[in-house]
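Right, one structure below, let's go through it.
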Amino acid sequence: MIESIQQFDVELFLKIHRGLSNGFFDWLMPLMRNRFFWSPLYLFIVIFCIRQYKKQGYYIIGMVLFTFAMGDLIASRLLKPWISRVRPCNDLSLANDIIHRVPCGSGLSFPSAHATNHFAIAVFLICIFYSRWKPILPIGLFWAFIISFAQVYVGVHYPVDVTTGALLGIVIGVICSRIFKKLQPDF
Numbered sequence: 001m002i003e004s005i006q007q008f009d010v011e012l013f014l015k016i017h018r019g020l021s022n023g024f025f026d027w028l029m030p031l032m033r034n035r036f037f038w039s040p041l042y043l044f045i046v047i048f049c050i051r052q053y054k055k056q057g058y059y060i061i062g063m064v065l066f067t068f069a070m071g072d073l074i075a076s077r078l079l080k081p082w083i084s085r086v087r088p089c090n091d092l093s094l095a096n097d098i099i100h101r102v103p104c105g106s107g108l109s110f111p112s113a114h115a116t117n118h119f120a121i122a123v124f125l126i127c128i129f130y131s132r133w134k135p136i137l138p139i140g141l142f143w144a145f146i147i148s149f150a151q152v153y154v155g156v157h158y159p160v161d162v163t164t165g166a167l168l169g170i171v172i173g174v175i176c177s178r179i180f181k182k183l184q185p186d187f
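My numbering numbers the first residue of the sequence shown as 1 and each following residue consecutively.
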């Protein structure tokens, strides 16, 4: 069973990583996974929350940071060392199939911390702001999805890595939003 899932994962990885290869994605996807590219969005969220919600805005930002920290802790510090899956770009059996679009790094692959963290933050913000601004649902999910997809396209994660990371992030985002609502019932 696990072998067939791994085989499917490798085949799907190659269909995305090599099969969708094109000049536009080769330019776009490394940007989508780059934390500095998203810095203006993060700054906007901080400024918006503080200007719009004053003291509660600081609590929102604090909880976003807590959500990120929980995602990173669980994905990077607990699960990755325990599972120890090699990244596809470091897998010797795939050496002839990898297109090196970004530096691979020496970290482990499962689950994707990028997917975990971004889905956690997106779902947290969706849960907090959906009643006030409905478009946050598709925008937040698309944002987290494109970052996760980029991880597979550039060759640093398998599809199961990002899917599991996304599911883990969704759970963390929901739990953190419930904690926030308990601490800030008036929001």
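Heads up, the beta-carbon is just placed ideally off N, CA and C, and yes, glycines get one too.
{"Check": "Cβ shell of Met32 (< 8 Å), same chain only, five flanking positions each side left out", "Outcome": "Ile146, Ile147, Phe149, Ala150"}
{"Check": "Alpha carbon of Cys127 to alpha carbon of Asp9, nearest angstrom", "Outcome": "31 Å"}
{"Check": "Cα-Cα separation, Pro40 to Phe48", "Outcome": "12 Å"}
{"Check": "C-beta atoms of Gly155 and His17 nearer than 8 Å", "Outcome": "yes"}
{"Check": "Exposure label - Gly173; buried when at least 16 CB within 10 Å", "Outcome": "buried"}
{"Check": "Buried or exposed (CB count within 10 angstroms, at least 16 for buried), Ser177", "Outcome": "buried"}
{"Check": "Beta-carbon proximity of Pro88 to Ile99, cut-off 8 Å", "Outcome": "no"}
{"Check": "Which listed residue (Phe180, Ala115, Gly140, Leu137) has its alpha carbon closest to that of Leu167", "Outcome": "Ala115"}
{"Check": "Boundaries of the alpha helix (DSSP H) in which Val174 is found, first to last residue", "Outcome": "159 to 183"}
{"Check": "Buried versus exposed, by CB contacts within 10 Å (16 or more), Phe44", "Outcome": "exposed"}
{"Check": "Helix, strand or coil at Leu20 [DSSP, three-state]", "Outcome": "coil"}
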